[in-house]
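K.L.:
Protein chains in written order, with my numbering: chain E, 493 to 1082; chain S, 3 to 165. In this text, a Cβ means the ideal position worked out from N, Cα and C, and glycines have one as well. Please read these numbers as outputs of a predicted model, since none were measured by experiment. Pasting in a structure now, in structure tokens, and then I'll have a few things to ask.
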Amino acid sequence: MHYLHLLLDMALIYDNNRFFVLGRAMYQYSYADQAQVDARVAQFADQTKRFLAGELSEERFLPLRLQNGLYIQRHAPMLRVAIPYGLLSADQMQMLAEIADQYDKGYGHFTTRTNIQYNWVKLEEVPEILGKLASVQMHAIQTSGNCIRNTTTDPYAGVIEGEIEDPRPYCEIIRQWSTFHPEFAYLPRKFKMAVIGTQSDRAAAQLHDIGIRLTEKDGEVGFEILVGGGLGRTPIIGKSICEFLPKRHLLTYLDAILRVYNFHGRRDNKYKARIKILVESMGKEAFAQAVERVFLEQIDGDLTLTDDDIAQAISHFSSPDYARFDPLNAPKPDLTDKTDEEVKRFNDWMRHNTVTHKRPGYHIVVVSLKAGNVDGIYQQAGDLDSAQMRALADLARRYSFGEIRATHHQNLVLADVATTDLVAVYDALRQIRLARPNIGTLTDMIVCPGFDYCALANATTHNVASAIDAAFDNLDYLYDLGDIRLNMSGCMNACAHHHVGDIGILGVDKKGEHWYQISLGGSSGEDARLGKILGRAVAQNEVADTIATIARVYIDNRQSFGEHLESFAQYVARVGLAPFKDAVYNKESV
Amino acid sequence: MSIDIDFIHALNAAKPDVFDQTGTPVGTLAPLLKDNALADQVGYVPFNPDQSQKRVYIDADADMQTLKRLDAQDVVLVMADFRDGRTFSQARLLAPRVKRLIIAGDVGADQVGAFLRIGAMHFAPTDPREARALPKSVHDLKGVFDGQDKAQLPVFQATKETV
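See the structure below:
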């Protein structure tokens, strides 16, 4: 294979008698971006030096290292690297692989904030790692700490049917506005935003400090603004405080929300410091009025966006050079060389791990990072080793315009794969254990690192996930269950969003033993709702059986309407917890 | 609004150097007169001997309404705790309206860059280690994005040089 680099953001590849022209449809970092990440690396190197020399106290170094994504975890420092709104280039993925090999244990962990974490870095090597990241315009800026974090979005942004508009340009605007914003670096608590462009919510927008939904009113596109959503100890669904905000006021309005929060958010108790608590205590109306007052004082000021500004931002996210296919005669994957068994496997994968692209002749491929138990060893949800990273970077270059996306379900996406290339992509993914056809099913679990790594966790998660995976290893049964989201967190901080899983599992500590509280009926979608706790926690060795019992109750009692089967979510909404409680806690009655 | 008495004592005892935006020491912070500070609900303190000029000391509890009422040209924003980010919002509200804005107290050398972008140009850190680091840290992160003004964000700039 030969790479002929024409520009840094474009390359021509000759492979297997075919030319592949790569041109990315993602924001191209400017000199300003590069200068910024370089300046940050120099600054953090100096801060680390001062800290190690005793010239910077532990207390003062804490927020500085956190705002550079550096945590002290159970075994070693953990470095969280930003992936703005989940978009990665192949070159960046390649660098993540190099860092994994050189500075970690050969792998990284993708998070629900669509970032990546390294769990085994050395503090003194972090400035060097940041330098490597900066060489591909990556960084760890504001991936932790009480500041504005990575903005997330729909992993299918720009390629899915039914969008009001592609949300990524607005994510990029927000990224630039919020990065190093001088007023908001020491907020009462962390602050997260999500932007979506469709009715379907694939970014859990209602569970963010600010959820931004593109909407339309009288032919004009603007935003609905929701505030005060969040999970953790006090899970709350966000509230709409502005039904329609013209685009030009986006930054002015966000600035106003942040100022009200910065002035009035609680600082005396970190568990009460998120904006959701402020909104609850003030009341939605009073909070909205406070924001409105600040907004009106600043309206039409320096943050006002013109139509030209917006067009400029949108121009950075133009569509790649798609091949043209006849929509009435769209190509199909060529399976002529495959055995019946191989065809079945491919079809399973295509049905579950690909999504219809808005462009005829293309598919969105979801790369499952939920391989589960492989040769008796549980592959941790969201983990990717360096060989997989390199292979995926190569696949992205060859088949998806050099771009990879991270999802908040801890999977990856190749967003622009030609339907005719699906077989080749599937075969390649299968070789690197990234083609498990389980997207949307119960084994596509979100699982936090848990007690094995995280200093905050109360309970282990991976061993429980492994047991659940083993209990649901029959694909036919898994498919029969349909879409079920299972989210498992090792503590009430809820990094794995257990409150909004169809099935949520929360690890708790009871006198040094790990127990697990189960909830049912949550959703992070457009119908966002919090799950209800089933009952008393179950012991570690009973979790998988309990989930199997819950699944059986559903299978045995669901309704069918012609060919349509009642989904797990619909069943729980209809019957509530009673039959599940009965089956789990009064097993003799099952 | 009042300023915590213990903090007044600590600030006065520290007699911190005041640095300008280049990191150069330009004098020491005049002591805050506690009786006057506590006597007046908005914290006015005589500064010049003729009392024609007023210096105002403000702690982080001063809210937006109080700051809007403030009529002073010489303002000291007192940080009792470097983690209390309200001072940044106070500074951004006041910077366009006052002649001199001094950030004093527990301000960290690594926070100075943000204050400079907001428009505060004088700093009086009480921690000697922060004072030592400040002359260098004022030069950190020059030219980074500035979310106060959309014109400073590269996405809106017409030149599309890429790296």
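Closest Cβ-Cβ distance between Thr540(E) and chain S: below 7 Å?
P.N.:
no
K.L.:
Please state if the CB of Leu622(E) and the CB of Val533(E) are separated by a distance shorter than 7 Å.
P.N.:
yes
K.L.:
For Gly982(E), verify whether its CB is less than 6 Å away from any heavy atom of the ligand ZN.
P.N.:
In the structure shown, the ligand ZN is absent, as is every other ligand, since no ligand is present at all.
K.L.:
If the cut is a Cβ gap below 9 Å, which residues of chain E does Val157(S) touch?
P.N.:
Correct list: Tyr519, Ser522, Pro661, Glu664, Ile665, Arg667, Gln668, Asp801, Gln804, Ala805, His808.
K.L.:
Select from the region 113-136 of chain S all residues with a C-beta closer than 9 Å to any C-beta belonging to chain E, and list them in chain order.
P.N.:
The region 113-136 of chain S vs chain E, Cβ under 9 Å: Gln113, Gly115, Ala116, Phe117, Leu118, Arg119, Ile120, Asp129, Arg131, Glu132, Arg134, Ala135.
K.L.:
What span of residues does the alpha helix (DSSP H) with Gln781(E) cover, start to end?
P.N.:
776-790
K.L.:
If you follow the beta strand (DSSP E) that Lys1002(E) is in, where does it begin and where does it stop?
P.N.:
995-1002
K.L.:
DSSP three-state label for Cys734(E), please.
P.N.:
strand
K.L.:
Indicate whether at least one CB of chain A lies closer than 7 Å to the CB of Val146(S).
P.N.:
In summary, chain A is missing from the structure at hand, where the protein chains are E and S.
K.L.:
Could you check whether the Cβ of Arg85(S) sits closer than 7 Å to any Cβ belonging to chain E?
P.N.:
yes
K.L.:
Can you tell me whether His954(E) is buried or exposed? The criterion is at least 16 other CB atoms within 10 Å of its CB, across all chains shown.
P.N.:
Within a 10 Å sphere around the beta-carbon of His954(E) sit 16 or more other beta-carbons, which makes this residue buried.
K.L.:
Which bits of chain E does Gln23(S) rub up against, with CB to CB less than 9 Å?
P.N.:
For the C-beta of Gln23(S), not a single chain E residue is nearer than 9 Å; the gap to the nearest is close to 14 Å.
K.L.:
Let me make sure I understand the geometry here. Which of Tyr918(E), Asp972(E), Thr1041(E) has the alpha-carbon closest to that of Ile960(E)?
P.N.:
Closest option to Ile960(E), judged by alpha-carbon separation, among Tyr918(E), Asp972(E), Thr1041(E): Thr1041(E).
K.L.:
Quick check on this structure: which residue in Ala782(E), Gly999(E), Thr899(E) has the alpha carbon closest to the alpha carbon of Phe65(S)?
P.N.:
In the sequence as presented, Phe is not what sits at residue 65(S); that position holds Asp. Per the Cα distances, Ala782(E).
K.L.:
Where DSSP assigns a beta bridge to Lys1024(E), which residues make up the other side?
P.N.:
Note: Lys1024(E) is bridge-paired with Leu1012(E) in the DSSP secondary-structure output.
K.L.:
Tell me the DSSP secondary structure of Met66(S) in three-state form.
P.N.:
Helix, per DSSP.
K.L.:
Rounded to whole angstroms, what's the CA-CA distance from Ile608(E) to Cys940(E)? Just pull it up for me.
P.N.:
13 Å
K.L.:
Let me confirm a value: Gln559(E) is counted as buried when at least 16 other C-beta atoms fall within 10 Å, else exposed. Which label applies?
P.N.:
buried
K.L.:
Which residue's Cα is closest to the Cα of Thr606(E): Thr644(E), Ala778(E), Gln634(E)?
P.N.:
Thr644(E)
K.L.:
In angstroms, rounded to a whole number, what distance separates the CA positions of Pro680(E) and Pro674(E)?
P.N.:
15 Å
K.L.:
If you measure from the beta carbon of Leu1012(E) to each beta carbon in chain S, is any gap under 7 Å?
P.N.:
no
K.L.:
Under a three-way DSSP split, which group does Gly637(E) fall into?
P.N.:
Three-state DSSP puts Gly637(E) in coil, outside helix and strand.
K.L.:
Measure the C-alpha to C-alpha separation of Ala957(E) and Tyr753(E) and round it to an integer number of angstroms.
P.N.:
38 Å
K.L.:
Can you look up His700(E) in the DSSP assignment and give me helix, strand or coil?
P.N.:
The answer is coil: DSSP assigns His700(E) none of H, G, I, E or B.
K.L.:
Beta-carbon of Tyr599(E) versus every beta-carbon of chain S: anything under 7 Å?
P.N.:
no
K.L.:
Please list the partners that Phe90(S) has in chain E, where partner means a Cβ-to-Cβ separation under 8 Å.
P.N.:
Residues of chain E passing the Cβ test: Pro674, Glu675, Phe676, Ala677, Tyr678, Asn754.
K.L.:
In angstroms with no decimal places, state the Cα-to-Cα distance between Arg542(E) and Glu616(E).
P.N.:
12 Å
K.L.:
Quick one: Cα of Gly1004(E) to Cα of Ile749(E), how far?
P.N.:
42 Å
K.L.:
Does Thr30(S) come out as helix, strand or coil in the three-state DSSP assignment?
P.N.:
strand
K.L.:
Assuming Phe1072(E) and Leu1012(E) make a contact with CB atoms under 8 Å, what is their CB distance in whole Å?
P.N.:
6 Å
K.L.:
Against chain E, which members of the region 56-68 of chain S pass a CB distance test of less than 8 Å?
P.N.:
Under the 8 Å Cβ criterion, the region 56-68 of chain S contributes Asp65, Met66.
K.L.:
Using the DSSP secondary-structure output, state which residues sit across from Phe754(E) in a beta bridge.
P.N.:
Note that residue 754(E) is Asn in the sequence shown here, rather than Phe. In the DSSP output, where bridge partners are listed per residue, Asn754(E) has none listed.
K.L.:
Within the same chain, show all residues whose beta-carbon is closer than 6 Å to that of Lys597(E), passing over the 5 residues directly before and after it, in chain order.
P.N.:
Trp612
K.L.:
Smallest Cα separation from Ala537(E): which of Leu31(S), Asp112(S), Lys17(S), Ala32(S)?
P.N.:
Asp112(S)
K.L.:
Tell me whether Leu136(S) is buried or exposed, calling it buried when 16 or more other Cβ atoms sit within 10 Å of its Cβ.
P.N.:
buried
K.L.:
Tell me Ser810(E)'s beta-bridge partners as DSSP assigns them.
P.N.:
DSSP, once it has assigned bridges, lists no residue as partnering Ser810(E).
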